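First the structure, in the form of structure tokens, and then the observations on it.
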Amino acid sequence: MLRNVSITKKLMLLVLAAVALALALSHAAFIYNDVKFAHSSLARQLSALAAVLGSNSEAALTFDDSESAQQILASLRRQPTVESACIYDAEGNVFASYSADRHPGKSLPMAPPDAGHRFTDDGYLDVSEEIRAGGERIGVIYLHAALSSVHQELA
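Residue numbers (my numbering): 69 to 223.
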């Protein structure tokens, strides 16, 4: 097929293929970088949110006031990515929980997860933060958030 084509045209095709490959690879690298940045940004945002909510829940845990803890978690309705949340007491029992109206009945972990964040294979971000008072762990707050909004922004 390329036997009858001049060497100049063959070299131009080779350069064109190399440039096209370089552009495709750089485009893929930019997309990968954007996704990683968006994921890490959401993880930082939700970790900060969990820390604030956990701090606000200290008194509720200390005084065994699950009603107040429930109200604190109810403020998550303003955070559309968070589908469910839970506060565990020092013994690991569910103290208060939240489930967005669009996702009722989402099962929560039976035991409090380790502190930190994890991206799940099914498109979610789980964030857990310890709740401390006077240097002592009095509970754990857990947030379960969908990554779909992040993916929509990148599309």
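Note that beta-carbon positions come from the ideal geometry of N, C-alpha and C, so glycine has one too. These numbers come from a predicted model, not from an experiment.
Note that the C-beta distance between ILE155 and SER125 is below 8 Å. With contact defined as three or more Cβ pairs closer than 8 Å, the region 174 to 183 and the region 144 to 163 are in contact. Inclusion of ILE209 and LEU121 in the CB contact set at 8 Å is warranted, their separation being smaller than that value. For GLY122, the enclosing alpha helix (DSSP H) stretches over residues 75 to 124. Under the Cβ criterion (8 Å, minimum of three pairs), the region 125 to 135 does not count as touching the region 182 to 194. One thing to note: SER134 has its Cβ within 8 Å of the Cβ of ALA164. By alpha-carbon distance to LEU176, the top candidate from ARG200, VAL150, ILE199, ALA201 is VAL150. Apart from the 5 residues on each side of it in sequence, ALA168 sits with its Cβ closer than 6 Å to the Cβ of GLU151 in its chain, given in chain order.
GLU197 counts as buried, since at least 16 other C-beta atoms from the protein chains shown sit within 10 angstroms of its C-beta. Look at GLU135 here: in three-state DSSP terms it is helix.
Contact check for ALA119 against HIS185 fails: the beta carbons are separated by 8 Å or more.
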